[in-house]
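First up is the structure itself, then whatever we jot down about it.
In my numbering, the protein residues as written are 367 to 797.
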């Protein structure tokens, strides 16, 4: 999660410059006029301090138990705190520690994003997997999901020999330009499973094929990579690069694949949402821009913040940087929504899933307080949605969103957590 006044991305530019005109969604919807939905419950707060195990809520995924939907799970990252597994009442049922670094002076494990793979063959059996980006060690971590497994539903099946995703060695890993955002994809034509992984403080996205080993573990290999632009030609002919600490480029975190269309949606935090083929071939197309798009900024080394200049008016109207968690709300007829967390103004934007509609903006909503004891979601990072019955608790499905400013009983400590929202309420708000 990133919260800076303007941008956290780089003052350096790649040689490629992409021209983005004004032909993007233009319908203005004031954030104050958006519909509000309330959470039904929330997880216990996580604390990013020594007493709390350096746990920081980030990104959720929803696993549906087909045999008993009411016993489905929410699997969520807690950064240096590893993984948390919750039942549908938001009760923690398992905690998985992030692995340490290889040496005492090396970066520790830090779990950033999580997504699911269904039905991968492991030693003759089909297995559902939780795939995690370990930012600290620049690797993927893979966990088999077994609801009734003694000790907890998740069991580590990562191949011990699996290497770094991006880095050439441990020194580069310690610099933390490592595996960051993550989305999974199973190609319906071949049945092969993939993870798409973004690189922290860079514009690169890698397509990794997930491979079962004879030992019953899972490894991965890089198929190809794609570099999004870091510099943009504005309609007035000038070049713009988002402002941030020198050496950082505008990174991607939130990602989701629409498997029916074979399309990856990638949120470049201070730029906007891109659409590209899930196999990373073809030319990326911008779906929408953040409001701050094109705004110049000056980085202050003392405050480590960017001071924005005059807004030239080239930004979008629905997203306030950072654009964060992307998730896909599917409908039985093939329609549905791409949902995006507009972190800067605590809202969620919905775009038409259909490519024939060119991902037209359809509306938005907020997740607001349900009571004095159950607050809403602010500066949301990760989000996950599942449009399928989940027992009596969520007959229409579930939306889980991160809350970057949780309100704990102990008001002296900063906390984060996850909110569970009835998907029926979200659909009603959007309709």
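Where is the CB? At the ideal position from N, CA and C, for every residue including glycine.
Just so it is clear, the structure is predicted and the values come from calculations on it, not from any experiment.
Judged by beta-carbon spacing, residue 651 lies within the 9 Å limit of residue 641, meaning their Cβ atoms are closer than that value. Residue 710 sits in a helix when the DSSP states are folded into three classes. Counting along the chain, no beta strand (DSSP E) covers residue 537; the unbroken alpha helix (DSSP H) around it starts and ends at 536 to 540.
The three-state reading of DSSP puts residue 426 in strand, counting E and B together. Per DSSP, the unbroken beta strand (DSSP E) holding residue 633 starts and ends at 629 to 634.
By the criterion of a C-beta distance shorter than 8 Å, residue 703 is surrounded in its chain by 694, 695, 716, 717, 718, 719, 728, 796, once the five residues flanking it on both sides are discounted. The count of Cβ pairs closer than 8 Å, one atom from the stretch 568 to 576 and one from the stretch 546 to 560, reaches three, so the stretches are in contact.
In this structure, residue 756 keeps its C-beta atom at 9 Å or more from the C-beta atom of residue 787. Contact between residue 750 and residue 426 is confirmed by a C-beta separation of about 5 Å, below the 8 Å threshold.
Close CB contacts of residue 491 within its chain, under the 8 Å cut and outside five residues either way in sequence, are absent.
For residue 547, the enclosing beta strand (DSSP E) has its first and last residue at 545 to 552. For the 9 Å CB-CB criterion, residue 440 and residue 784 form a contact. The residue from 775, 736, 759, 466 with its alpha-carbon nearest to that of residue 453 is 759. About 5 Å separates the Cβ atoms of residue 508 and residue 497, confirming a contact at the 8 Å cut-off. A residue is called buried when at least 16 other Cβ atoms come within 10 angstroms of its Cβ; residue 595 meets this threshold and is buried.
Spatial neighbours of residue 504 in its own chain (CB-CB distance under 7 Å, excluding positions within 5 residues in sequence) are listed in chain order as 530, 531, 532, 533, 539, 544, 545. The beta carbons of residue 402 and residue 734 sit closer together than 9 Å.
Rounded to whole angstroms, the separation of the alpha carbons of residue 741 and residue 647 is 42 Å. Rounded to the nearest whole angstrom, the C-alpha separation of residue 649 and residue 416 is 45 Å.
Taking all protein chains shown into account, residue 501 has 16 or more neighbouring C-beta atoms within 10 Å of its C-beta and is therefore buried. Under DSSP, no beta-bridge partner is assigned to residue 617.
Selection 420, 410, 482 evaluated against residue 455 yields 410 as nearest (Cα-Cα).
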